[in-house]
Every structure is written in structure tokens, then in C-alpha cells.
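Novice:
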Amino acid sequence: MGLIEKKSCKNVSDNMTINELYNRLVENNTKQTAYITGKIDHSIEQLTNKLEATYKKIEILENCVNMKRKLRRNNIAIFGLVIKYPILENTLQPLNNLLGINLNKNDINFIRIPKEEHEKLPIIIEFIFLYKKQTVFQNVQKVKNSKISIAYDRCYQDRNDYKVLKRHLNIAEDQNLPAKIKGRTIEINGNIYTINDLHKIERQCETNKGIRSDSDFNRENDAEELVEEKPKSKGKG
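34 is the number of the first residue of the sequence shown in the working numbering; add one for each residue after it.
(1) Tell me whether Arg187 sits in a helix, a strand or coil according to DSSP, three-state version.
(2) For the alpha helix (DSSP H) containing Ile120, name the first residue and the last one.
(3) Going by other Cβ atoms of all chains shown within 10 Å of its Cβ, with 16 needed for buried, is Val115 buried or exposed?
(4) Rounded to a whole number of angstroms, what is the C-alpha to C-alpha distance between His75 and Lys242?
(5) Could you give the C-beta distance for Ile234 and Arg217, rounded to a whole number, given that I count them as a contact under 8 Å?
(6) Our contact map puts Ser182 next to Leu131 with C-beta atoms below 8 Å; I'd like the distance itself, whole angstroms only.
(7) Using only the alpha-carbon positions, how far apart do Asn52 and Val59 sit?
(8) So the beta strand (DSSP E) Phe170 belongs to, where does it begin and stop?
(9) Quick check on Lys166: buried or exposed, where buried means 16 or more other Cβ atoms within 10 Å of its Cβ?
(10) What residue from Gln190, Glu220, Asp191, Ile156 has the CA that sits closest to Asn203's CA?
(11) Excluding the 5 residues flanking Ile225 on each side, which residues of the same chain have their C-beta closer than 6 Å to its C-beta?
(12) Give the secondary structure of Glu220 by DSSP, where H, G and I count as helix, E and B as strand, and everything else as coil.
(13) So what does Ile181 bridge to, in DSSP terms?
(14) Within 10 angstroms of its Cβ, does His151 collect 16 or more other Cβ (buried), or is it exposed?
(15) By the DSSP assignment, the beta strand (DSSP E) with Glu338 in it spans what residues?
(16) Report, in whole angstroms, the separation of the C-beta atoms of Arg187 and Arg106, which I expect to be a contact under 8 Å.
(17) Quick one: grab the DSSP three-state call for Arg200.
(18) What residue from Glu122, His232, Pro155 has the CA that sits closest to Arg145's CA?
(19) Using C-beta distances below 7 Å, list every residue in its chain close to Ile214, excluding the 5 sequence neighbours before and after it, in chain order.
(20) Comparing the C-beta of Asn130 with each C-beta of chain C, is any distance below 7 Å?
(21) Which stretch, first to last residue, makes up the beta strand (DSSP E) that contains Asn108?
(22) Between the beta-carbon of Asn142 and the beta-carbon of Leu136, is there less than 7 Å?
(23) How far does the beta strand (DSSP E) with Ile146 in it reach, from first residue to last?
Below you can see the structure in the form of C-alpha cells.
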């Protein structure tokens with residue numbers, strides 16, 4: 034075989050080797066891409082399923098809260114009233130005397146009194162009609178200077194929400210800003226804030242406090258380093 038023929042065969046062999054390597058690289062890359070894509074798709078599917086499950090749980094919880102609110106819709110909670118038997122008469126009479134209204138037993142669906150070991154809990158009254166509850170709250174300021182207080186019968190979620198509203202009401206009043214709680218919102222200086230708005234504000238305040246704390250810490254460290262690096266004055270002589 035001549036020299037030219039040998040070189041030609043070698044070039045063909047080299048080209049085949051390069052083509053084989055290229056094809057293998059493409060094949061491996063395709064396999065790796067398919068594997069990674071499959072893993073990503075699987076992770077997305079898992080996250081989607083978790084999100085859907087979370088949304089369902091949230092929906093169930095919201096439905097439970099709404100149901101509890103509905104059950105308490107006609108209720109009032111009375112604190113500080115001494116429990117005496119018969120319960121019905123000895124609950125309605127002091128309320129009528131204090132509020133200057135006329136409640137009778139036909140207005141009441143039920144009265145629930147706390148057990149002896151939970152005597153600090155309120156007496157709960159459920160009215161048959163909502164307007165009777167509204168009548169009580171229209172006159173509730175009349176019990177302000179008595180030992181009795183009357184409040185809405187709130188579920189656990191609403192009690193926590195009311196604490197948030199009350200906290201921001203106090204903050205606004207301390208700053209001499211006009212503020213008023215309206216249902217599950219609060220109006221401050223003409224702006225309406227929901228519970229979610231207030232939670233966002235509180236989280237932002239906590240974040241800002243953390244940033245300020247880190248900044249103060251860094252300034253203190255910088256000051257200490259400057260003191261340590263300050264050259265000592267040379268003595269005389």
C-alpha cells in the first residue's frame with residue numbers, strides 16, 4: 034500500500050473516531066437532559082400535589098371557621114355576672130336593669146354557663162333573632178361602670194384576630210391618630226387595614242428591626258476594631 038493510501042485510510046479512521054465521539058456525546062447529553070428533566074418534572078408534580086393538598090386544608094379550615102362564626106352569630110358573652118339559680122331569670126333581670134331594655138325568655142335560644150373550675154369564663158347567651166343581640170350592643174355602653182362586661186362570642190381565630198386589631202388600635206391612639214375597629218378590619222387615619230395587612234406590617238417591622246440590629250452590631254464591631262488598631266502613643270525619653 035502506498036504512502037498516500039495509508040494517509041487516506043488514517044484520515045477516514047480519525048474522522049470515524051471523531052464522529053463516534055460526537056455521537057456518543059450527543060447521546061449522553063440527550064440521556065442526561067432527559068434524566069434531569071424527568072427529575073424536575075417529578076419534583077414539580079410533588080410540589081403541585083403538596084400545594085393542592087395545602088389549599089384543600091386551608092379551604093377546610095376556612096369553612097370550619099366560617100361555620101363557627103355562623104353558630105356564634107346570634108351570641109353574646111357576659112363576663113362578671115354572678116351565676117344564680119334559676120339561671121334564666123337571674124341572667125335576664127340584671128341585663129334588663131343595666132341596659133334599660135326588655136329581654137324575655139322567648140328571646141333566648143339557650144344559655145350556657147361555665148363549670149365551677151372555669152368560673153372566669155363568660156356566660157353565653159344565644160338569641161333566637163339577631164336584632165335582639167343588636168339591641169344589647171346598642172345599649173352596651175350603659176354597663177361601662179359596672180362589674181359586668183358584654184362582648185361578642187368570638188371563635189378562637191376571631192379572638193386572635195381581635196387581639197391584633199386591638200393592638201394596632203392602641204398604637205394608633207398612642208400616636209393621636211383617629212382609629213376605629215370595624216368588624217374584622219381597622220380604619221386608621223382614613224385608611225382601611227385587614228388582618229392580613231396588619232400581619233404584613235408587623236412582619237416588615239420585625240425585618241426592619243433585624244436590619245437595624247445587624248447595622249448597630251456592625252458599627253459596634255467597627256468601633257472596637259478602630260480602638261484596637263489605634264497606635265499607642267510613644268513615651269518620652
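Where a beta carbon is used, it is the ideal one built from N, C-alpha and C, also for glycine.
These figures come from a predicted structure and were not determined experimentally.
Specialist: Looking at the coordinates:
(1) Coil at Arg187, not helix or strand.
(2) Looking at the DSSP string, the run of the alpha helix (DSSP H) that includes Ile120 is 120 to 132.
(3) Flag for Val115 reads exposed.
(4) When rounded, the distance between both Cα atoms is 40 Å.
(5) About 16 Å separates the beta carbon of Ile234 from that of Arg217, a gap too long to meet the 8 Å contact definition.
(6) Approximately 11 Å separates the beta-carbon atoms of Ser182 and Leu131; this is outside 8 Å, ruling out the contact.
(7) Distance between the alpha carbons of Asn52 and Val59: 10 Å.
(8) Run containing Phe170: none in the beta strand (DSSP E); it sits in the alpha helix (DSSP H), 163 to 171.
(9) Label assigned to Lys166: buried.
(10) Considering only alpha carbons, the answer is Glu220.
(11) Contacts found: Thr218.
(12) Three-state result, Glu220: strand.
(13) In DSSP, Ile181 forms no bridge with anything.
(14) Answer is exposed; the Cβ neighbour count stays below 16.
(15) The question about residue 338 has no answer here: the residues shown for the chain are numbered 34 through 270.
(16) Distance from Arg187 to Arg106 at the Cβ level is roughly 11 Å; contact not present, criterion being Cβ atoms closer than 8 Å.
(17) Helix.
(18) Restricting attention to Glu122, His232, Pro155, the CA atom closest to the CA of Arg145 is found in Pro155.
(19) Same-chain partners within the cutoff: Leu198, Leu202.
(20) In the structure shown, chain C does not exist; there is a single protein chain.
(21) That run of the beta strand (DSSP E) goes 108 to 112.
(22) Here Asn142 is not near Leu136, since their CB atoms are 7 Å or more apart.
(23) Careful: Ile146 lies outside any beta strand (DSSP E) and carries neither H nor E.
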